[in-house]
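Per my numbering, numbering through the sequence shown is continuous, rising by one, with the last residue being 413.
Heads up, the thing below is written out as structure tokens.
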Amino acid sequence: MENQGKKMLESAQTLIRKTAEDMELDVEMIKRLIEPEFAHEFALTITMDSGKIKVFKGWRIQHNRALGPYKGGIRFHKDTVREEVQALATLMSIKCAVAGLPYGGAKGGIAIDPKTLSKTELERLSRAFAVKIAPIIGVDLDVPAPDVNTTPQIMSWMLDEYQKIIGHKSPSTFTGKPISLGGSLGRTEATGRGGVFILQDLLAKMKKKSKNTTVAVQGFGNVGYFFAKLAHESGFKVVAVSDSKGGVYIKEGLNPVKIAEYKKKKGTLAGFGGKNITNDELLTLSVDILVPAALENVISEKNMKNIEAKIIIEMANGPLTEEAYEYLIKKTKVIVPDVLANSGGVAVSYLEWVQGKQGYWWSEEEVNNKLKIMMDKAFEAIWKKSLMKKMPLKQAAFEVGIERIVSALV
Ligand code: NAD
4 MENQGKKMLE
14 SAQTLIRKTA
24 EDMELDVEMI
34 KRLIEPEFAH
44 EFALTITMDS
54 GKIKVFKGWR
64 IQHNRALGPY
74 KGGIRFHKDT
84 VREEVQALAT
94 LMSIKCAVAG
104 LPYGGAKGGI
114 AIDPKTLSKT
124 ELERLSRAFA
134 VKIAPIIGVD
144 LDVPAPDVNT
154 TPQIMSWMLD
164 EYQKIIGHKS
174 PSTFTGKPIS
184 LGGSLGRTEA
194 TGRGGVFILQ
204 DLLAKMKKKS
214 KNTTVAVQGF
224 GNVGYFFAKL
234 AHESGFKVVA
244 VSDSKGGVYI
254 KEGLNPVKIA
264 EYKKKKGTLA
274 GFGGKNITND
284 ELLTLSVDIL
294 VPAALENVIS
304 EKNMKNIEAK
314 IIIEMANGPL
324 TEEAYEYLIK
334 KTKVIVPDVL
344 ANSGGVAVSY
354 LEWVQGKQGY
364 WWSEEEVNNK
374 LKIMMDKAFE
384 AIWKKSLMKK
394 MPLKQAAFEV
404 GIERIVSALV
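Okay, here's the thing in structure tokens:
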């Protein structure tokens with residue numbers, strides 16, 4: 004199978020190199036922006052329910068901490084490889100800088116399909132990972148969070164294991180925790196909510212209205228579901244959603260909450276009503292806004308010529324391959340890059356970290372208002388740069404991010 008992580012890493016590094024060269028940064032500085040500061044690889048050994056021992060591979064890659072402690076999620080996925088984790092860590096450095104957060108970038112991952120584990124096996128694997136990363140994380144050193152297939156429950160196991168090792172409480176070392184353990188109100192919805200704020204900012208600049216603007220969302224997990232739900236509540240016409248098994252298309256618009264209830268009962272989106280569609284069909288629908296919110300490289304040479312949407316909001320990390328990005332930009336598509344569009348998650352993780360550090364908690368409304376201020380500010384800076392330098396939003400975002408990181412590199 005093709006190494007998708009390698010492709011994603013090459014795209015991220017090429018973009019950094021090209022942007023940094025345009026900014027006339029010297030060769031050694033470009034290396035500092037590309038090479039990860041630390042790349043940790045682990046063998047995680049756990050006892051399965053059967054009594055047998057099994058070994059899994061895991062990584063924590065700490066890319067750059069010029070702006071503050073490393074920050075980044077932990078992904079559990081069968082196709083996770085070192086290059087993917089490194090690509091995601093690299094994007095986190097740019098994303099935190101773009102969002103104006105006092106963080107560097109990191110990412111973690113385990114090559115495992117968690118659906119193949121029992122709950123107790125999943126707990127043992129999560130705790131084994133926490134043991135491995137314990138010496139290299141900390142509230143002012145590296146702050147992990149959830150990503151694909153990792154949940155507040157998994158964060159609570161990891162935090163518990165970590166606290167046993169260090170011998171005292173340190174809840175702000177992990178974000179995306181359950182509320183009862185010091186999680187922030189609004190964190191679960193934050194990535195989707197932030198994405199909808201960015202979409203609204205974009206449409207306001209383009210002098211377009213949200214009402215009846217059609218949206219198709221790929222991925223119905225944390226990011227995709229809340230993006231679809233909040234877009235629907237804000238007046239957008241969400242016409243299609245999908246998960247890994249496929250999706251549904253309803254021309255008149257659908258209610259994501261109803262679909263989520265249906266999926267909970269039936270385990271699938273198919274059969275909800277309207278037309279059952281494949282993921283490839285969803286991506287090529289004739290809609291105004293396309294929102295890939297599942298995995299990387301889903302828009303590639305294979306389907307780029309069939310993309311009809313004029314606006315693409317990258318809610319997943321790296322959903323477009325480099326070739327697809329170059330092709331679609333030439334076709335004058337507006338592409339809002341992942342490092343801006345999905346930064347709402349890390350923005351509220353930052354708010355969770357701040358609340359935990361000061362032991363003082365904000366209401367959900369306060370958190371959402373702070374998120375809106377942060378997203379609007381980040382969008383404005385990228386939009387301005389893009390207009391000023393007549394460059395696409397992605398390049399503008401990388402330039403803003405790189406400028407901020409370089410200014411902090413001593
Ligand atoms: P999740 O595990 O909650 O959901 C993933 C969704 O994608 C599920 O609905 C799954 O069925 C679907 N999916 C999996 N494989 C697919 C495939 N081949 N085709 C179509 N759909 C598929 O994960 P998430 O947290 O929603 O993350 C989604 C993306 O957003 C990832 O790229 C992640 O890195 C990124 N992201 C997440 C956050 C966050 O706060 N959770 C923040 C920033 C970026």
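Beta carbons: idealized from backbone N, C-alpha and C, even for Gly.
For clarity, every value in this text was computed on a predicted model and none was experimentally measured.
- Contact annotation: the region 119-137 touches the region 48-68, with at least three C-beta pairs closer than 8 Å.
- Judged by DSSP secondary structure, Leu47 falls within the beta strand (DSSP E) whose first and last residues are 41-50.
- Within the region 103-167, the complete alpha helix (DSSP H) segments of 4 residues or longer fall at 122-136, listed in chain order.
- Spatial neighbours of Ile19 in its own chain (CB-CB distance under 8 Å, excluding positions within 5 residues in sequence) are listed in chain order as Ile33, Leu36, Ile37, Thr93, Ile97, Phe401, Ile405.
- Per the coordinates, the alpha-carbon of Glu27 lies some 38 Å from the alpha-carbon of Asn372.
- Taking C-alpha positions only, Ala90 is separated from Gly347 by approximately 19 Å.
- Distance check between Pro117 and each of Glu383, Gly111, Leu125 places Leu125 closest, using alpha-carbon atoms only.
- Under DSSP, Lys373 forms no beta bridge with any residue.
- When only Cα atoms are considered, Gly274 and Asn282 end up about 15 Å apart.
- Listed as beta-bridge partners of Trp62 by DSSP are Glu44, Gly112.
- DSSP places Val290 in no beta strand (DSSP E); its state is neither H nor E.
- Annotated as distal: Ser187 and Val349, with beta-carbon spacing of 9 Å or more.
- In the structure shown, Val409 falls within a helical segment according to DSSP collapsed to helix, strand and coil.
- Using a cutoff of 8 Å, the CB of Thr22 does not count as near the ligand NAD, since none of the ligand's heavy atoms is closer than that.
- Just so you know, the alpha carbons of Glu383 and Ala102 end up roughly 11 Å apart.
- Considered as a whole, the region 153-232 harbours 217-221 as its complete beta strand (DSSP E) runs of no fewer than 3 residues, in chain order.
- Within its own chain, the residues whose Cβ lies closer than 8 Å to the Cβ of Leu396, once the five positions on either side in sequence are excluded, are Val337, Ile338, Val339, Pro340, Leu343, Ile385, Trp386, Ser389, listed in chain order.
- Secondary-structure assignment with DSSP links His235 through no beta bridge to anything.
- Within the same chain, Cβ atoms closer than 7 Å to the Cβ of Val260 are found at Lys232, the five residues on either side in sequence being excluded.
- Ranked by how close their Cα comes to the Cα of Leu293, the residues Glu317, Arg190, Ala411, Gly111 have Glu317 in first place.
- The beta carbons of Ala219 and Val301 sit about 12 Å from each other, so the pair does not count as a contact at 8 Å.
- A contact between stretches requires three or more CB pairs, one per stretch, nearer than 8 Å, and the region 69-82 meets this requirement with the region 149-165.
- Here Leu162 really is in contact with Leu184; their C-beta atoms are around 7 Å apart, less than 8 Å.
- The alpha carbon of Thr119 has as its nearest neighbour, out of Thr176, Asp246, Asp52, the alpha carbon of Asp52.
- Closest in C-alpha terms to Val88, from the list Gly179, Cys99, Gly112, comes Gly112.
- Taken in chain order, the unbroken stretches of alpha helix (DSSP H) that lie wholly in the region 345-405 and span 4 residues or more are 347-361, 367-391.
- A Cβ-Cβ contact shorter than 9 Å links Gly321 with Met11.
- Lys333 sits in a helix when the DSSP states are folded into three classes.
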